[in-house]
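Numbers 1 to 485, taken from the UniProt record's numbering, label the letters of the sequence shown in order.
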Amino acid sequence: MSKPTLTTESGAPVADNQNSATAGVGGPLLIQDQHLLEKLARFNRERIPERVVHARGSGAYGHFEVTDDVTGYTRAAFLDTIGKRTEVFLRFSTVADSLGGADAVRDPRGFALKFYTEEGNYDLVGNNTPVFFIKDPIKFPDFIHSQKRDPFTGRQEADNVWDFWAHAPEATHQITWLMGDRGIPASYRHMNGYGSHTYQWTNAEGEAFFVKYHFKTNQGIRCLSSEQGAELAGKDANSHQTDLLEAIERGVHPSWTLYVQVMPAAEAADYRFNPFDLTKVWPHADYPLQRVGRLVLDRNPDNVFAEVEQAAFSPNNFVPGIGPSPDKMLQGRLFAYADAHRYRLGVNHTQLAVNAPRATTAENYGRDGLMAANGQGRRAKNYEPNSYGGPVQTDQPLAAPFAVNGHTGTHAAPAHTKDDDFFQAGELYRLMSEDEKKRLVANIAGGLSQVTRDDVVEKNLAHFHAADPDYGRRVEEAVRELREG
Ligand code: HEM
Numbered sequence: 001m002s003k004p005t006l007t008t009e010s011g012a013p014v015a016d017n018q019n020s021a022t023a024g025v026g027g028p029l030l031i032q033d034q035h036l037l038e039k040l041a042r043f044n045r046e047r048i049p050e051r052v053v054h055a056r057g058s059g060a061y062g063h064f065e066v067t068d069d070v071t072g073y074t075r076a077a078f079l080d081t082i083g084k085r086t087e088v089f090l091r092f093s094t095v096a097d098s099l100g101g102a103d104a105v106r107d108p109r110g111f112a113l114k115f116y117t118e119e120g121n122y123d124l125v126g127n128n129t130p131v132f133f134i135k136d137p138i139k140f141p142d143f144i145h146s147q148k149r150d151p152f153t154g155r156q157e158a159d160n161v162w163d164f165w166a167h168a169p170e171a172t173h174q175i176t177w178l179m180g181d182r183g184i185p186a187s188y189r190h191m192n193g194y195g196s197h198t199y200q201w202t203n204a205e206g207e208a209f210f211v212k213y214h215f216k217t218n219q220g221i222r223c224l225s226s227e228q229g230a231e232l233a234g235k236d237a238n239s240h241q242t243d244l245l246e247a248i249e250r251g252v253h254p255s256w257t258l259y260v261q262v263m264p265a266a267e268a269a270d271y272r273f274n275p276f277d278l279t280k281v282w283p284h285a286d287y288p289l290q291r292v293g294r295l296v297l298d299r300n301p302d303n304v305f306a307e308v309e310q311a312a313f314s315p316n317n318f319v320p321g322i323g324p325s326p327d328k329m330l331q332g333r334l335f336a337y338a339d340a341h342r343y344r345l346g347v348n349h350t351q352l353a354v355n356a357p358r359a360t361t362a363e364n365y366g367r368d369g370l371m372a373a374n375g376q377g378r379r380a381k382n383y384e385p386n387s388y389g390g391p392v393q394t395d396q397p398l399a400a401p402f403a404v405n406g407h408t409g410t411h412a413a414p415a416h417t418k419d420d421d422f423f424q425a426g427e428l429y430r431l432m433s434e435d436e437k438k439r440l441v442a443n444i445a446g447g448l449s450q451v452t453r454d455d456v457v458e459k460n461l462a463h464f465h466a467a468d469p470d471y472g473r474r475v476e477e478a479v480r481e482l483r484e485g
C-alpha cells in the first residue's frame, strides 16, 4: 500500500525525518532546517492550561431520546416530541486532582452534558452528587484551594481539607455523601448524574416551573471501598477512562434514564427547604421523579485532545424554555465557565467542532480574535441593526422572569422553615444500614484523624454531632482511637 508523503505544516515534502541537518558530518545543527525547528517549536506548545478543577476527564458522544411528554413544563424544542433524538457529548471527570492524578479516588465526579439542539447547544454541567459543599460562589476559590495541593508541601493536606470544612457547616450533607459508599464510583458507567442545582423550565404558555435533573444509570450503581480504590488507583491510574473507552469500542453502550422533579414556581417561596440552596435535596415524597428520556453513549472521540481536553461546557448555555434559578451558586457559575474557556482555550473556542452548534448554526456579530476560523461571517456586515439582511433578535424571552424584592447587599441565602446545615445530613445518615454507617465513620475518621490541630478536629466533630448524636459519637470515638493508637 502506498503511503502519503510526509510534509511540513505548510505542506512541503519532508526529505528526512530521522536525521537533522548539520554543517558537515558530525558538525553543529543548521538553522535552515525548517522541519527540525518547526517540530521542536510546535512540541513546546502542545499543552494548554489544564482545567483549574475537573482536570482529569473522559468523554463520549451519543444521543438523548425523549420517552415522555414534558411539554406541559417546558417549550424546549429538543424535548417537544416523544421519540425525538438529539446528539450529545458527555464529559465525565474527577474534581480535585490535576491532570496527572488517578481515576479511582474518593471525590465527586463531573457529569457535563452538551445537547446539540436545533435551538443551539444546551449545556447541563452537573456532578454525580445531588448536592454540593457550599452555597455561595464567593467561597469557591477558597474551597478548591483547600482541597488541591498545598502551596508549600505540594500535596493535598488533611489539615487544609478539614480546616475549610470546619468553617463550612453547610458542607456536612455533601461530606456525608462523599465519605459514604457512593464516594468512589467503580466506573463512570456505574454512577448517576445530577444537575444538582435547581433550574427553571417555562412552557409555551409562559408558566414557570423549578426542576432538578436526575440521570439514573441503567448499568446499576457500583462503587469501590476505600481499600479497593487505593489498590486500583495504584495499579491503573486510568481505570475509568479504560472502562468507558473499551465498553464503547466493544459496542456496549452505557445509558441513563433522565427524570426530573418539578416544582410549580408558586410553591418555591413556602417550601420547607430553600429550593435554591445547593446543599439541600427535595425529598422525592415532596416532588416525585418524572421520567423524561434516555441518554445513550455510543461513540468514542477520535482525538482526546481535540474533543475532550478542548471541550467547553458552560452552565449559561441555555435554550428557549430552560433558564437559571436564583440559586447563588448557579448564578456565579453563569460567569465562571465561559471566562475560564476564554483563558484556557481562547475567545474562539466556540468554533471548535466539539463546541460548535451541530443542529443549527451560530449567527451573530462576534468577530476576530486569536484563531478566528471558518471565514467568520465573511463579507457580511459586522454590526447590528443593519440594512443588509443580517441576523436579528426574536423578542421572545428564553425563560420566565422571577420577582425580586428588598435591598442590594451581601445577604446570606434566606432560610426556610426546615433549613439548617445539619438536618438533611442527619436524614442521610439515618437512612444508611449498620454496615454503611460503619464504613462512613471509618472513612471520615481516616481523614479527620490526620489533622494536626485539635480545634479543627473539634469543630468538625461538632458538625457530625449536630447532624445526629449517634453519628457524632461514633466519629468522635473512631477519631480518638486512631489519634491515640
Ligand atoms: C460557584 C461555584 C463553581 C465555580 C466558580 C466553578 C468553576 C468551574 C471552572 C472554572 C471549571 C473549569 C472550566 C473549564 O476550564 O473548562 C469548572 C469545571 C467543572 N465544574 Fe464547576 N464550578 C463551581 C461549582 C460547580 C458545581 C456545583 C458543579 C456540579 C453541580 C460543578 C461541575 C463542574 C464540572 C462537571 C466541570 C467540568 C466540566 C468539563 O467537563 O469540562 N461545578 N468549574
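Just so it is clear, CB atoms sit at the ideal spot from N, CA and C, and this is done for glycine as well. Since the model is a prediction, treat every value here as computed from it, not as a measurement.
Discussion item. By the DSSP assignment, the beta strand (DSSP E) with Trp-256 in it spans what residues?
Written reply: Within the sequence shown, residue 256 is the residue found at index 256, counting from 1. Residues 255 to 264.
Worksheet entry | Simplified DSSP assignment, three categories, for Tyr-337 | In the sequence shown, the residue the question calls residue 337 occupies position 337. Tyr-337: helix per DSSP, three-state reduction.
Worksheet item: Are the Cβ atoms of Val-52 and Leu-278 separated by less than 8 angstroms?
Response: Here residue 52 refers to the residue found at position 52 of the sequence shown. Here residue 278 refers to the residue found at position 278 of the sequence shown. In this structure, Val-52 sits away from Leu-278, with a CB-CB distance that is not shorter than 8 angstroms.
Worksheet item: Mind checking whether the beta-carbon of Ser-196 lies closer than 7 angstroms to any heavy atom of the ligand HEM?
Response: The residue you call residue 196 lines up with position 196 of the sequence shown. Result yes, Cβ under 7 angstroms from the ligand HEM.
Practice prompt. Kindly indicate which residue of Val-105, Gln-351 and Lys-235 has the alpha-carbon position closest to the one of Ala-186.
Written response: Position 186 of the sequence shown, counting from 1, holds the residue named residue 186. Among Val-105, Gln-351 and Lys-235, the Cα nearest to that of Ala-186 is on Val-105.
Fill in: Residues near Asp-368 in its chain [Cβ-Cβ closer than 8 angstroms; skip 5 each side]
On the sequence shown, position 368 is the one that residue 368 refers to. Closer than 8 angstroms at Cβ, skipping near neighbours: Gln-376.
Fill in: Between the CA atoms of Glu-119 and Leu-398 - distance to the nearest angstrom
Within the sequence shown, residue 398 is the residue found at index 398, counting from 1. Within the sequence shown, residue 119 is the residue found at index 119, counting from 1. Distance between the alpha carbons of Leu-398 and Glu-119 is about 11 angstroms.
Discussion item. Taking contact to mean 3 or more Cβ pairs, one atom from each stretch, closer than 8 angstroms, check whether the region 82 to 89 and the region 59 to 72 are in contact.
Written reply: Result yes; three or more Cβ-Cβ pairs closer than 8 angstroms.
Worksheet entry | C-beta contact flag for Tyr-337 and Val-292 at 8 angstroms | Walking along the sequence shown from the start, residue 337 turns up at place 337. Walking along the sequence shown from the start, residue 292 turns up at place 292. No, the Cβ-Cβ distance between Tyr-337 and Val-292 is not below 8 angstroms.
Discussion item. Below 8 angstroms on the Cβ atoms is my contact criterion, and I expect Trp-165 with Asn-405 to pass it. Report the Cβ-Cβ distance as a whole number of Å.
Written reply: Numbered from 1 along the sequence shown, position 165 holds the residue referred to as residue 165. Numbered from 1 along the sequence shown, position 405 holds the residue referred to as residue 405. Contact doesn't hold; Cβ gap of about 34 angstroms is too wide.
Item to complete: Check whether the Cβ atoms of Thr-153 and Arg-189 sit closer than 8 angstroms, and answer yes or no.
Response: Start at 1 with the first residue of the sequence shown, and residue 153 comes out as number 153. Start at 1 with the first residue of the sequence shown, and residue 189 comes out as number 189. No, these two residues do not count as a Cβ contact at 8 angstroms.
Worksheet item: Do you know whose CA, among Asp-150, Pro-357, Asp-103 and Gly-24, lies nearest Gln-228's CA?
Response: Position 228 of the sequence shown holds residue 228. Gln-228 has its Cα closest to that of Asp-103, out of Asp-150, Pro-357, Asp-103 and Gly-24.
Worksheet item: Ordered along the chain, which non-local residues of its own chain (more than five positions away) have a Cβ less than 6 angstroms from that of Thr-129?
Response: Stepping through the sequence shown from its first residue, residue 129 is reached at position 129. These residues qualify, in order along the chain: Pro-108 and Trp-177.
Worksheet item: Which partner residues does Tyr-383 have in the DSSP bridge list?
Response: As a first step, residue 383 is located in the sequence shown; it is residue number 383 there, counting from the start. Answer by DSSP bridge pairing: none, since Tyr-383 is not bridged.
Worksheet item: How many Å lie between Lys-438 and Gln-424 at the Cα?
Response: Mapped onto the sequence shown, residue 438 falls at position 438. Mapped onto the sequence shown, residue 424 falls at position 424. Approximately 19 angstroms, taken between the alpha carbons.
Discussion item. I believe Ala-76 touches Phe-133 by the beta-carbon criterion, under 8 angstroms. Please report the beta-carbon distance rounded to the nearest angstrom.
Written reply: Stepping through the sequence shown from its first residue, residue 76 is reached at position 76. Stepping through the sequence shown from its first residue, residue 133 is reached at position 133. The Cβ separation is near 30 angstroms, so there is no contact.
Worksheet item: Are the beta-carbon atoms belonging to Leu-29 and Asn-17 less than 8 angstroms from one another?
Response: Residue 29 sits at position 29 when you count from the first residue of the sequence shown. Residue 17 sits at position 17 when you count from the first residue of the sequence shown. For Leu-29 and Asn-17, no; Cβs fall outside 8 angstroms.
Discussion item. My output table needs one value for Asp-103: the three-state DSSP class, helix, strand or coil.
Written reply: Within the sequence shown, residue 103 is the residue found at index 103, counting from 1. Coil at Asp-103, not helix or strand.
Worksheet item: Hey, would you say Val-451 sits closer than 8 angstroms to Asp-159, going by beta carbons?
Response: Against the sequence shown, residue 451 aligns to sequence position 451. Against the sequence shown, residue 159 aligns to sequence position 159. Taking a C-beta distance under 8 angstroms as the contact criterion, Val-451 and Asp-159 qualify as a contact pair.
Item to complete: Please state if the CB of Met-263 and the CB of Phe-210 are separated by a distance shorter than 8 angstroms.
Response: Here residue 210 is taken as the residue at index 210 of the sequence shown, counted from 1. Here residue 263 is taken as the residue at index 263 of the sequence shown, counted from 1. Yes; because the gap between Cβ atoms is below 8 angstroms, this pair is in contact.
Worksheet item: Going by C-alpha distance, which of Ala-415, Thr-361 and Trp-201 is nearest Ile-322?
Response: Locating residue 322 in the sequence shown gives position 322, where the first residue counts as 1. Per the C-alpha coordinates, the member of Ala-415, Thr-361 and Trp-201 positioned closest to Ile-322 is Trp-201.
Discussion item. Bridge partners for His-63 per DSSP, in chain order?
Written reply: Residue numbering aside, residue 63 sits at position 63 when the sequence shown is read from its first letter. Note: His-63 sits in a beta bridge opposite Glu-87 and Val-296.
Practice prompt. Whole angstroms is fine: what's the gap from Ser-255's alpha carbon to Thr-361's?
Written response: One-based indexing of the sequence shown puts residue 255 at position 255. One-based indexing of the sequence shown puts residue 361 at position 361. Ser-255 and Thr-361: Cα-Cα distance of roughly 28 angstroms.
Discussion item. In the DSSP output, what is Asp-123 paired with across the bridge?
Written reply: Here residue 123 refers to the residue found at position 123 of the sequence shown. Its beta-bridge partners are Lys-114.
Worksheet item: For Thr-86 versus Thr-117, is the C-beta distance shorter than 8 angstroms?
Response: Locating residue 86 in the sequence shown gives position 86, where the first residue counts as 1. Locating residue 117 in the sequence shown gives position 117, where the first residue counts as 1. Closer than 8 angstroms, so yes.
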